[in-house]
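To start, the structure under review is shown below, and the notes come after it.
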Amino acid sequence: MPEQDLNGRVAIVTGGSLGIGLAISLDLAARGADIVIAARNQGRMDAAAAKVHALGRRAIGVAAEVTKSDQVANLVERTLAEFGRIDILVNNAGGSNGANYKRGPLLETEEKDFDESIAANLKSVWLCSKAVTPTMLRQGKGAIVNISSVAADPSRGTRVGFGVYSAAKVGVINLTHCMAAEWGPEIRVNCVVPGWIETERVMGANTPASAASMLSTIAQGRIGQPSDIAKAVSYLVSDDAGYVSGAVLFVDGGYKSGLPALLPPPPSP
Ligand SMILES: NC(=O)c1ccc[n+]([C@@H]2O[C@H](COP(=O)([O-])OP(=O)(O)OC[C@H]3O[C@@H](n4cnc5c(N)ncnc54)[C@H](OP(=O)(O)O)[C@@H]3O)[C@@H](O)[C@H]2O)c1
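Residue numbers (my numbering): 29 to 297.
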C-alpha cells in the first residue's frame, strides 16, 4: 500500500493523458483516487483511463480545451455528475514546445504564439482552479497542485529562448501563493516545479549532444522521470501535507542549486 492514502478521493488531472500528467494520474490512482483526465485528444485519454482501470480505480476522460471557460465548466459538471465530488485538482496541462506551443527568442515570437502559450500555461491554471473552488469550499476541503517549471527560476538561465513560457510559469508560482492565501483554510494550494523530465515531448526536442549538456547541469546526475513529479504531487494532495499550503517544491535533481560541471577536476592522486 503506498504511503499516502487517497481512497475515496476524486482527482481532476489536466493533461493527465500523457507524459508527466499520465504519471500523476496513475500515481494518484495507485493510492486510491478516482481520476478525471482533461485533455483534447480523446483517444489518448481513453488509453490513459484504461491504465487507471487496470489499477482498480474509476476514470473518465473529458475532452476539454483548458483555456476555454465553457469547456472547463463542462469538465466540472461532468466530474460532479459522474463522481459527485472534487477533492483534488492538478493543473498540469501546458508545455513549451509541440504542435501548439512554440518557444524561441522574444524578437521572433509572434503575437499568436505569445497568446497561446500564456493561455495554456497560465490562464488555464486560474480558470480550472476557479471552476473547482465552489465545490471544494462547499465540501470544506480540497487540494490543488499547480505545475510550474525550472524555466521560472530567475537564478538560472533557462528563460533565454523560453521567454513567454518562463513568464507564464513565474505567473503560476505567484498565482499559487495568491490562491493559497485567498482560499484557505479549506483549500490547500501548492506548486511543483519540475526540472528536466524525460517525456516524449522533451526528449524529442533534444539531440544527444543537448541531452548530455543538460545532464552536466543536474546535481543528481540524471534526467528526472515523470514518476518523480507524480510522487511529489501525491504527497502534496495527501493528508500528510495537511499543514503545507503555498509551498513551491522544486523537483529538479538539484538543478536549481548550481552547475556541478563548473567544479574544478579533483587533484590527480
Ligand atoms: N517535461 C519536462 O521536462 C517539464 C519540465 C518542466 C515543466 N513541465 C511542465 O509539466 C507539464 C506537463 O509537461 P509534459 O512534458 O508532460 O507535457 P506533454 O507530454 O506534452 O503532455 C501535455 C499534456 O497536456 C495536454 N494539453 C496540452 N495543452 C492542453 C490544452 N490547451 N487543453 C487541454 N489539455 C492540454 C496534452 O493532451 P492533448 O494534446 O490531448 O490536449 C497532454 O495530455 C507542463 O505544464 C509543462 O510545462 C515539463
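Ideal Cβ positions, reconstructed from N, Cα and C, are used throughout, including at glycine.
### Query
Just how far apart, CA to CA, sit A258 and E110?
24 Å
### Message
Is the separation between the beta-carbon of Q99 and that of A91 shorter than 9 Å?
### Response
yes
### Query
In whole angstroms, what is the alpha-carbon distance linking G60 and E139?
43 Å
### Rounded separation between M29 and T163 - CA only
Residue placement at M29 cannot be trusted, given a pLDDT of 49 that sits under 50; what the coordinates show is reported in the next sentence. Spanning the two alpha carbons is a distance of roughly 29 Å.
### Message
One question on the structure: do S273 and V217 come within less than 9 Å of each other, judged by their Cβ atoms?
### Response
yes
### Message
Tell me the DSSP secondary structure of R59 in three-state form.
### Response
coil
### Message
Quick check: the Cα distance between E93 and S53, rounded to an integer number of angstroms?
### Response
18 Å
### Query
Within the present structure, is the beta-carbon of V94 separated from the nearest heavy atom of ligand 1 by less than 8 Å?
yes
### Query
So what does DSSP say about M29, is it helix, strand or coil?
Confidence at M29 is low in this model, with a pLDDT of 49, below 50, so its placement is unreliable and the value that follows should be read with caution. Looking at M29 - three-state DSSP - the assignment turns out to be coil, as it is neither helix nor strand.
### Task
Would you kindly report the start and end of the unbroken alpha helix (DSSP H) that includes R72?
Its alpha helix (DSSP H) spans residues Q70 to A82.
### Task
Would you decide whether Q73 is buried or exposed? Buried here means 16 or more other CB atoms lie within 10 Å of its CB.
Checking the displayed sequence, the identity of residue 73 turns out to be Met instead of Gln. M73 should be labelled buried.
### Query
In the structure shown, what three-state DSSP assignment does P222 receive?
strand
### Message
Just to confirm the assignment, what range does the beta strand (DSSP E) spanning T245 have?
### Response
Counting along the chain, T245 falls outside any beta strand (DSSP E), and DSSP gives it neither H nor E.
#### Entry: Where the beta strand (DSSP E) through A260 begins and ends
Careful: A260 lies outside any beta strand (DSSP E), inside the alpha helix (DSSP H) at P254 to V265.
### Task
Please go through the same chain and pick out, in chain order, the residues whose beta-carbon is closer than 7 Å to the beta-carbon of V198, but skip the five residues on each side of it.
Hits under 7 Å: A180.
#### Entry: Any C-beta of chain D under 9 Å from that of S152
Absent here is chain D; the protein component of the structure consists of one chain.
### Message
Is it the case that the segment 249 to 264 contacts the segment 153 to 161, given that we only count it when at least three CB pairs across the two stretches are under 8 Å?
### Response
no
### Task
Spatial neighbours of Y283 within its chain, please: CB distance less than 8 Å, with the 5 preceding and 5 following residues excluded, ordered by chain position.
V178, R184, G223, W224, T245, I246 and A247
### Query
Is DSSP giving G232 helix, strand or coil here?
helix
### Task
Return the CA-CA distance between D256 and L277, expressed in angstroms with no decimal places.
The straight-line gap from Cα to Cα measures roughly 12 Å.
### Query
Where in the segment 119 to 199 do unbroken runs of the alpha helix (DSSP H), each at least 4 residues long, occur, reported from the N-terminal end onward?
Runs of alpha helix (DSSP H) with 4 or more residues, each lying fully within the segment 119 to 199, are found at 139 to 146 and 152 to 167, listed in chain order.
#### Entry: T227 in three-state terms, based on DSSP
coil
### Task
Compute the minimum distance between the beta carbon of S152 and the heavy atoms of ligand 1, and state whether it is under 8 Å.
At least one heavy atom of ligand 1 is nearer than 8 Å to the Cβ of S152, so yes.
### Query
Taking DSSP as the reference, what is the three-state secondary structure of I52?
Here I52 carries a helix assignment [DSSP, helix/strand/coil].
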